[in-house]
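Notes follow once the structure below has been shown.
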Amino acid sequence: MRYSPTLIDHFLNPRNAGLMRDPDGVGQDEYAGCGDLARVFLRVRDGLTVELRVQTYGCGPTIAAASLASELMTGRPVDDLLHVKPEEIEQALDGLPEDRKHAAEVAAGALRAAARDYRTREERRV
Amino acid sequence: MNRRVYLDHNASTPVHPEVVAEMLPYFAEVFGNPSSVHGFGRAAREAVDTARERIARFLGVSPEEIVFTSGGTESDNFGLKGLAWARGRGHLITSQVEHHAVLRAGQWLESQGFAVTYLPVDGYGMVDPDDVRRAIRPDTIAVSIMHANSEVGTIQPVEAIGAITRERGIPFHVDAVQTLGKIPVDVHALGIDVMSFSGHKIYGPKGVAGLYIRKGTRMVAAQHGGDHERRRRAGTENVPGIVGFGKAVEIRAREMTAEAERLRALRDRLWEGIRGRLDEVQLNGHPGQRLPGTANLAFRHVESESIVLGLDLRGIAVSAGSACTAGQVEPSHVLVAMGVPLDWAMGAVRCSLGRSTTAEDIDYVVACVEPIVRRLRQAMPAGTT
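So the sequence lines, in the order shown, correspond to chains A and B. Take the first sequence: its position 107, counting from 1, is numbered 107 in the numbering used here, and each next residue is one higher. Every position in the second sequence, counted from 1, becomes a number in the numbering used here once 1000 is added.
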């Protein structure tokens, strides 16, 4: 199989899929080359990401990457999301084929965008 | 393990057991070079001649009008370039929905100074014969239109186009890789001068194909060397492959009509089954003028590769209408030419049925498609694509 069992598992059983009401941060990223898109919703308490929801359009690896990223980042400080790198997601997926690296980039990009949105909202509140 | 269902017969087919049996002696027992004059060579020559005769009989042409090649791509390249080079310069007409073997050969000919018109198609993927007539210039040297499209199955009005080219005295090349052995192909009635056809699409081996060249059609040889194939295509013949190809064609002659009927019913069962269970699904291609076993289904707002992966994990083989390579998505050039909107084209999946396909297979596929598409749609952000 071209993809790891972890990737297949997340593709078949996407975690945290769907919308979130009144999120504390929302962000999305689209890979211009192929139109793959991930949207991330955050719930933050005391600087920690307590809940994530993701919506994804794209090939199997992108769906899996967004799902896995949502699990990986739950419970982590928002700062981690702000600086998350695609390599961390790819590693947790047990690798991606060379022509599917964009899957981790889209997931990481959406996480960073959601964290930035949270920060912006926070600053406004202050 | 899941049930395994192969619905990618337009890509390739399993070699028919009778074909395998026919080929086997020609690897180690009858291994001579057909060009050799001794007994070993003569036995191989006899086998090649028999295969050529079988194919010629099926096509209703003379054996000398058949040239064996290494595949459909070579046949298409030979067809186009052979016609173009024999005339030195000029203008060719083809369509936007041809196989890449024709499109890219045409583009290369443009780089060599030839002019090429790529005709548009309608929403069903069909070329208008009047467009062919209008595109003909005084210097038009060839017309190349496929018989049926591999992706959507639409059958082109080849007979009407052939009547035009015949009236104007312009050689007519037809890529019949997806039709020979699937639906009747009468080169005389269709007005075809040069025609590509292939072995592995009809339960023959890979690496062998043919080019029909009507007697008297000026062509430049595909490659130069020995006197093989009446000096039109040099190179020692692929004897086992040619033997298998001949047998495959012979089998198609006896099975084709009944199988076309059976596949048509199964294809419709697939479409009706999926349409009955899912919204926002459409059938691409002509509803009537279509290959019996081909159904190109578009699932709106779903990415086709994820459907292919989901089905693959259930043991089902279909092909994606859009291909994502190194992060660059390429919606099928056929669907783009047909004007299929991107949100539909991105979710196109081709199912191509064949000899082994059963009604149980189709029911299994229908049952598997529904939850996969529903799950993908649920996970998708609203308003994308």
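A virtual CB, placed ideally from N, CA and C, is assigned to each residue, including glycine.
For residue i versus residue j, is the C-beta distance shorter than 8 Å?
i: VAL1019(B); j: LYS1247(B); result: yes
i: ALA115(A); j: GLY25(A); result: yes
i: LEU37(A); j: GLU30(A); result: yes
i: SER1095(B); j: ILE1145(B); result: yes
i: ALA1221(B); j: ARG1214(B); result: no
i: ILE1141(B); j: GLY1162(B); result: no
i: GLY1199(B); j: ALA1209(B); result: yes
i: VAL40(A); j: ALA110(A); result: yes
i: LEU958(B); j: ALA1359(B); result: Residue 958(B) lies beyond the stretch modelled for chain B, which goes from 1001 to 1385, so this question has no answer here.
In the DSSP output, what is residue i paired with across the bridge?
i: GLU30(A); result: LEU37(A)
i: PRO77(A); result: LEU48(A)
i: THR1257(B); result: In the DSSP output, where bridge partners are listed per residue, THR1257(B) has none listed.
i: GLN55(A); result: ARG39(A)
i: ASP1175(B); result: SER1196(B)
i: THR1357(B); result: Answer is none; THR1357(B) lacks a bridge partner.
i: SER1095(B); result: LEU1119(B)
i: CYS1351(B); result: ALA1295(B)
i: ALA127(A); result: Chain A is shown from 1 up to 126; residue 127(A) falls before or after that span and cannot be answered.
i: ASP1008(B); result: SER1352(B)
i: ARG1290(B); result: THR1154(B)
i: LEU1180(B); result: ILE1183(B)
Within its chain, find whatever has a CB closer than 6 Å to the CB of residue i; leave out the 5 residues flanking it on each side and keep chain order.
i: GLU132(A); result: Within the shown structure, residues of chain A are numbered from 1 to 126, placing residue 132(A) beyond reach of any answer.
i: HIS102(A); result: TYR31
i: VAL1097(B); result: VAL1121, GLY1125, ASN1149, VAL1334, ALA1337
i: ARG130(A); result: Outside the shown range of chain A (1 to 126) lies residue 130(A), about which nothing can therefore be said.
i: ALA1234(B); result: GLN1223, HIS1224, GLY1225, GLY1226, HIS1228
What is the DSSP secondary structure of residue i, counted as helix, strand or coil?
i: PRO1034(B); result: coil
i: TYR1203(B); result: coil
i: ILE1212(B); result: Looking at the sequence shown, residue 1212(B) is not Ile but Tyr. In this structure, TYR1212(B) counts as strand in the three-state DSSP scheme.
i: GLU1029(B); result: coil
i: VAL1365(B); result: helix
i: ALA1248(B); result: helix
i: PHE1114(B); result: coil
i: ARG1233(B); result: coil
i: ALA1148(B); result: strand
i: THR1385(B); result: At THR1385(B), the pLDDT of 40 sits below 50, so the modelled position is not reliable; the number obtained from the coordinates is stated separately. THR1385(B) falls in the coil class under three-state DSSP.
i: ASP1076(B); result: helix
i: GLY1106(B); result: helix
i: ARG125(A); result: helix
i: MET1380(B); result: coil
i: ARG1275(B); result: helix
i: PRO5(A); result: helix
Would you kindly report the start and end of the unbroken alpha helix (DSSP H) that includes residue i?
i: VAL1281(B); result: Per DSSP, VAL1281(B) belongs to no alpha helix (DSSP H); it is in the beta strand (DSSP E), 1281 to 1284.
i: GLY1318(B); result: Correcting the residue identity first, residue 1318(B) is Val in this sequence and not Gly. Taken as a continuous stretch (DSSP letters only), VAL1318(B) belongs to no alpha helix (DSSP H), as it is neither H nor E.
i: VAL1143(B); result: No alpha helix (DSSP H) contains VAL1143(B), which is instead part of the beta strand (DSSP E) from 1140 to 1144.
i: ILE1389(B); result: Any property of residue 1389(B) remains undetermined from this structure, which presents chain B solely from 1001 to 1385.
i: VAL1340(B); result: Unbroken run through VAL1340(B): none, as it is neither H nor E.
i: ILE89(A); result: 86 to 92
Leaving out five residues before and five after residue i in sequence, what residues of the same chain have Cβ atoms less than 7 Å from its Cβ?
i: PRO97(A); result: ARG2
i: ARG1239(B); result: The question names Arg, yet the displayed sequence has Val at residue 1239(B). Counting only Cβ-Cβ distances below 7 Å, and skipping sequence neighbours, we find TYR1026, PRO1034, ALA1044, ALA1047, VAL1048.
i: ILE63(A); result: PHE11, PRO14, THR56
i: ALA1160(B); result: PRO1129
If I follow the unbroken beta strand (DSSP E) through residue i, where does it start and stop?
i: VAL1067(B); result: 1066 to 1069
Leaving out the 5 sequence neighbours to the left and right, which residues in its chain are closer than 8 Å to residue i when beta-carbon positions are compared?
i: GLY1383(B); result: Since pLDDT at GLY1383(B) reaches only 45, below the 50 mark, its modelled position is unreliable, and the value read off the structure follows with that caveat. Taken in chain order, the list of residues that qualify is empty.
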